[in-house]
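In C-alpha coordinates, the structure reads:
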(Lines of atoms letter the chains of each structure in order from A; the text may use other names.)
(Lines give C-alpha, C1' and ligand atoms only; values in the text may rest on other atoms or scores of the structure.)
Protein backbone atom coordinates (compact mmCIF):
# COMPACT_ATOMS: atom_id res chain seq x y z
CA UNK A 12 0.00 0.00 0.00
CA UNK A 13 1.22 3.50 -0.78
CA UNK A 14 2.28 5.85 2.00
CA UNK A 15 0.36 9.04 2.70
CA UNK A 16 1.41 11.48 -0.02
CA UNK A 17 3.23 14.74 0.57
CA UNK A 18 2.28 17.97 -1.21
CA UNK A 19 4.02 18.26 -4.57
CA UNK A 20 4.45 21.06 -7.07
CA UNK A 21 5.71 20.40 -10.58
CA UNK A 22 6.40 22.88 -13.38
CA UNK A 23 4.54 21.40 -16.35
CA UNK A 24 4.50 24.18 -18.96
CA UNK A 25 6.25 27.48 -19.82
CA UNK A 26 5.19 29.81 -22.63
CA UNK A 27 6.51 33.20 -23.70
CA UNK A 28 6.95 35.24 -26.83
CA UNK A 29 6.03 34.46 -30.40
CA UNK A 30 9.39 34.68 -32.11
CA UNK A 31 12.98 33.53 -31.57
CA UNK A 32 14.49 36.97 -32.19
CA UNK A 33 12.30 39.05 -29.80
CA UNK A 34 12.47 39.50 -26.05
CA UNK A 35 8.98 38.62 -24.76
CA UNK A 36 7.07 41.13 -22.65
CA UNK A 37 5.59 38.44 -20.46
CA UNK A 38 5.74 34.72 -19.69
CA UNK A 39 3.29 32.15 -18.43
CA UNK A 40 4.19 29.14 -16.32
CA UNK A 41 1.82 26.37 -15.32
CA UNK A 42 2.32 24.24 -12.25
CA UNK A 43 0.57 21.06 -11.19
CA UNK A 44 0.09 21.27 -7.44
CA UNK A 45 -0.92 18.07 -5.67
CA UNK A 46 -2.36 18.96 -2.28
CA UNK A 47 -2.94 16.65 0.67
CA UNK A 48 -5.22 16.89 3.71
CA UNK A 49 -4.27 19.86 5.86
CA UNK A 50 -2.54 21.66 2.99
CA UNK A 51 -5.05 23.85 1.20
CA UNK A 52 -4.90 25.93 -1.97
CA UNK A 53 -5.38 29.10 0.10
CA UNK A 54 -2.15 28.36 2.00
CA UNK A 55 -0.35 27.74 -1.29
CA UNK A 56 -1.70 31.01 -2.70
CA UNK A 57 -0.56 32.96 0.38
CA UNK A 58 2.92 31.44 0.13
CA UNK A 59 3.21 32.27 -3.58
CA UNK A 60 1.97 35.84 -3.00
CA UNK A 61 4.60 36.29 -0.28
CA UNK A 62 7.34 35.05 -2.63
CA UNK A 63 6.02 37.29 -5.41
CA UNK A 64 6.12 40.31 -3.10
CA UNK A 65 9.64 39.53 -1.91
CA UNK A 66 10.83 39.25 -5.52
CA UNK A 67 8.89 42.39 -6.50
CA UNK A 68 7.40 40.34 -9.34
CA UNK A 69 4.06 40.84 -11.06
CA UNK A 70 2.56 37.40 -10.66
CA UNK A 71 -1.08 36.37 -10.91
CA UNK A 72 -2.58 33.08 -9.77
CA UNK A 73 -5.49 30.95 -10.90
CA UNK A 74 -6.46 27.83 -9.01
CA UNK A 75 -8.68 24.95 -10.01
CA UNK A 76 -11.35 23.82 -7.58
CA UNK A 77 -10.41 22.11 -4.34
CA UNK A 78 -10.21 18.32 -4.61
CA UNK A 79 -13.33 16.40 -3.67
CA UNK A 80 -13.72 14.84 -0.23
CA UNK A 81 -13.17 11.12 0.29
CA UNK A 82 -15.83 9.04 -1.42
CA UNK A 83 -17.08 7.12 1.59
CA UNK A 84 -16.22 6.39 5.20
CA UNK A 85 -13.84 3.65 6.35
CA UNK A 86 -16.90 1.70 7.54
CA UNK A 87 -18.97 1.89 4.36
CA UNK A 88 -19.90 -1.33 2.62
CA UNK A 89 -17.99 -0.60 -0.57
CA UNK A 90 -14.79 0.35 1.25
CA UNK A 91 -14.94 -2.79 3.42
CA UNK A 92 -15.65 -4.91 0.35
CA UNK A 93 -12.77 -3.43 -1.69
CA UNK A 94 -10.35 -3.77 1.24
CA UNK A 95 -11.33 -7.43 1.61
CA UNK A 96 -11.02 -8.26 -2.11
CA UNK A 97 -7.72 -6.38 -2.47
CA UNK A 98 -6.41 -7.81 0.81
CA UNK A 99 -5.75 -4.35 2.21
CA UNK A 100 -5.50 -4.18 5.99
CA UNK A 101 -5.40 -0.41 6.31
CA UNK A 102 -6.87 2.12 3.92
CA UNK A 103 -6.16 5.82 3.86
CA UNK A 104 -8.40 8.67 2.87
CA UNK A 105 -7.11 11.80 1.22
CA UNK A 106 -8.59 14.63 -0.76
CA UNK A 107 -7.48 14.04 -4.31
CA UNK A 108 -8.43 14.99 -7.82
CA UNK A 109 -10.09 11.95 -9.38
CA UNK A 110 -13.34 10.91 -10.99
CA UNK A 111 -14.96 9.59 -7.81
CA UNK A 112 -16.48 13.05 -7.27
CA UNK A 113 -18.71 12.61 -10.31
CA UNK A 114 -20.11 9.37 -8.89
CA UNK A 115 -20.58 10.47 -5.29
CA UNK A 116 -22.28 13.72 -6.38
CA UNK A 117 -24.95 11.49 -7.99
CA UNK A 118 -25.27 9.27 -4.92
CA UNK A 119 -23.25 6.37 -6.33
CA UNK A 120 -20.96 4.74 -3.77
CA UNK A 121 -17.31 4.85 -4.81
CA UNK A 122 -13.89 3.79 -3.60
CA UNK A 123 -10.61 4.73 -5.28
CA UNK A 124 -8.13 1.91 -5.72
CA UNK A 125 -5.25 1.38 -8.06
CA UNK A 126 -2.07 -0.61 -8.39
CA UNK A 127 1.11 1.40 -8.60
CA UNK A 128 4.54 2.18 -7.31
CA UNK A 129 5.02 5.33 -5.27
CA UNK A 130 8.38 6.18 -6.85
CA UNK A 131 6.90 6.36 -10.38
CA UNK A 132 3.50 8.01 -9.84
CA UNK A 133 3.01 11.12 -12.01
CA UNK A 134 6.60 11.03 -13.28
CA UNK A 135 7.70 11.45 -16.90
CA UNK A 136 8.50 7.76 -17.27
CA UNK A 137 5.63 6.46 -15.13
CA UNK A 138 5.33 2.69 -15.32
CA UNK A 139 4.02 -0.34 -13.45
CA UNK A 140 5.56 -3.78 -13.09
CA UNK A 141 3.66 -6.45 -15.06
CA UNK A 142 3.15 -8.62 -11.97
CA UNK A 143 1.57 -5.71 -10.08
CA UNK A 144 -0.64 -4.87 -13.08
CA UNK A 145 -1.80 -8.50 -13.43
CA UNK A 146 -2.66 -8.61 -9.73
CA UNK A 147 -4.57 -5.32 -10.09
CA UNK A 148 -6.57 -6.69 -13.03
CA UNK A 149 -7.50 -9.71 -10.91
CA UNK A 150 -8.67 -7.48 -8.07
CA UNK A 151 -10.77 -5.35 -10.45
CA UNK A 152 -12.35 -8.51 -11.93
CA UNK A 153 -13.31 -9.79 -8.47
CA UNK A 154 -14.80 -6.41 -7.56
CA UNK A 155 -16.83 -6.25 -10.80
CA UNK A 156 -18.06 -9.84 -10.47
CA UNK A 157 -18.98 -9.70 -6.79
CA UNK A 158 -20.15 -6.18 -5.94
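Residue numbers (my numbering): 12 to 158. Quick reminder that beta carbons are idealized off the backbone N, C-alpha and C, glycines included. Note that the structure is a prediction, hence the values are computed from the model and not measured.
With H, G and I counted as helix, E and B as strand and the rest as coil, what does DSSP make of residue 12?
Low confidence applies here, because residue 12 scores a pLDDT of 48, under 50, leaving its location unreliable; read the following figure in that light. Coil at residue 12, not helix or strand.
Three or more C-beta pairs below 8 angstroms linking the stretch 120-129 and the stretch 63-75:
The stretch 120-129 makes no contact with the stretch 63-75, as fewer than three CB pairs between them are under 8 angstroms.
Range of the contiguous alpha helix (DSSP H) that encloses residue 155
141-157
Anyone know if the C-beta pair for residue 23 and residue 42 falls short of 8 angstroms?
Yes, the pair counts as a contact, with Cβ atoms nearer than the cut-off.
Helix or strand or just coil, what does DSSP make of residue 44?
strand
DSSP bridge partner residues for residue 19 (one or two, in chain order)
Residue 19 is bridged to 45.
Cut-off 6 angstroms between Cβ atoms - residues of its own chain near residue 29, not counting five sequence neighbours on either side:
none
With DSSP run on the structure shown, which of helix, strand or coil describes residue 117?
coil
Neighbourhood of residue 93 by C-beta distance below 7 angstroms, restricted to the same chain and skipping five residues each side
122, 124 and 154
Assigned exposure category for residue 38 - 16 Cβ within 10 Å defines buried
Its Cβ having fewer than 16 others within 10 Å, residue 38 is exposed.
Exposure of residue 71, with buried meaning 16 or more beta-carbon neighbours within 10 Å
Around the beta carbon of residue 71, fewer than 16 other beta carbons lie within 10 angstroms, which makes this residue exposed.
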